[in-house]
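Here's the structure, in structure tokens; my notes come after.
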Amino acid sequence: QLHSIAQFPGATERQAAFPADAEVIQSWAMMLAHGDRTVQLIQWTAGIGLLALVGACTRRLGFSRRDAVLTTTVAASLPMVVAQSSSAQNDLIFAFFALGVVYFGLLAIRDRSTPAAIFTGIAFALAVGTKSVALPMVVAFAAFGLVLCGRDFDRLVAPAAAALIALILLGSFNYAQNIAKHGSLTAAPSQDALRVHSPAELPKNAVRIAWV
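According to my numbering, the stretch in the sequence shown is residues 12 to 223, in order.
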């Protein structure tokens, strides 16, 4: 209505403060179909991509095809995957991007693949731009990369640089608006668990983030 994807007056935190990359993708489907009849196909597609990445990661980690089939089957039968796949929500979209960071990061670090490093960055930026829960996951992604590279830290340069550039281009739009308008990265009371107001809160928040 306002011919813009920027935040609009009177919106709830879910409509304005939360990152919106997945919703932007879904809005393209709605515009092309002139309605919401096909919007759930975005989650279906992300779900299929997620399962493909589960199998691919299993194989790249050295397991057999039988193991890959097992992990993919288990993932496909998870209640969240089944329930979300026919909806217009964004959890499978986020999971697809997050696992994309793992898979392409694996290729970028082990094989020193420049295209894989670029895709790692894009996947990371889209994950951050889809859900703010990706912010504390940076710790897990970094730990994963450090384990893979061993002591050969220069292997991390390309994917890290790609992630930073992609984040600025693809994942920072709503966060920048939050900072400009509200002086907060998330600008959402429901995201308060991600904030630390005093040193005494560090242990509690560390447990929460580790659980995430």
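Glycine included, C-beta positions come from ideal geometry on N, C-alpha and C. Owing to the predicted nature of the structure, the values given are computational and were not obtained by experimental measurement.
Residue i - DSSP class collapsed to helix/strand/coil
i      : result
Gly73  : coil
Gln95  : helix
Glu34  : helix
Pro90  : helix
Arg219 : helix
Arg224 : Residue 224 lies beyond the residue range present for the chain, which begins at 12 and ends at 223; the question has no answer from this structure.
Phe19  : coil
Val112 : helix
Leu81  : helix
Leu61  : helix
Asp102 : helix
Ala198 : coil
Gln51  : coil
Whole-number beta carbon distance between residue j and residue i, since they are thought to touch under 8 Å
i      : j      : result
Leu103 : Ala57  : 4 Å
Gln54  : Ser98  : 6 Å
Ala44  : Ala119 : Not quite, the Cβ-Cβ distance comes to about 36 Å (not below 8 Å), so this is no contact.
Ala94  : Ala128 : That pair is no contact at about 34 Å.
Arg166 : Arg123 : 6 Å
Exposed unless 16 or more other CB atoms sit within 10 angstroms - verdict on residue i
i      : result
Thr49  : exposed
Met148 : buried
Ser143 : buried
Arg258 : The shown model of the chain, from 12 to 223, leaves out residue 258, and the question about it has no answer.
Pro214 : exposed
Gly182 : buried
Thr69  : buried
Ala31  : buried
Gln26  : exposed
Thr83  : buried
Leu178 : buried
Own chain partners of residue i with C-beta closer than 6 Å, once the 5 adjacent residues on each side are dropped
i      : result
Ala33  : Asn101, Ile104 and Thr141
Ala186 : Note that residue 186 corresponds to Tyr in the displayed sequence, not to Ala. Once the five neighbours on either side are set aside, the close Cβ partners of Tyr186 are Leu196.
Arg71  : Leu117
Ala145 : Ala138 and Val139
Ile36  : Ile53
Nonlocal neighbours in the same chain, by C-beta distance under 7 Å from residue i, ignoring five residues either side
i      : result
Val112 : Thr131, Ala134, Phe135, Ala138 and Phe152
Gln51  : Ser97, Ser98 and Ala99
Gly60  : Phe107
Gly161 : none
Asn189 : Ala28, Ser195, Leu196, Thr197 and Ala198
CB contact below 9 Å: residue i versus chain D
i      : result
Phe105 : Given the protein chain composition of this structure (a single chain), no chain D is represented.
Contact set for residue i: own chain, Cβ-Cβ below 8 Å, skip 5 residues either direction
i      : result
Lys3   : The question about residue 3 has no answer here: the residues shown for the chain are numbered 12 through 223.
Ala40  : Thr49, Val50, Leu52 and Ile53
Ala86  : Leu61, Leu62, Val65 and Val92
Leu13  : Phe19
Phe155 : Val113 and Gly116
Asp47  : Met41 and Ala99
What alpha helix (DSSP H) runs, 4 residues minimum, are completely inside the segment 135-195? 145-160, 168-177 and 184-193
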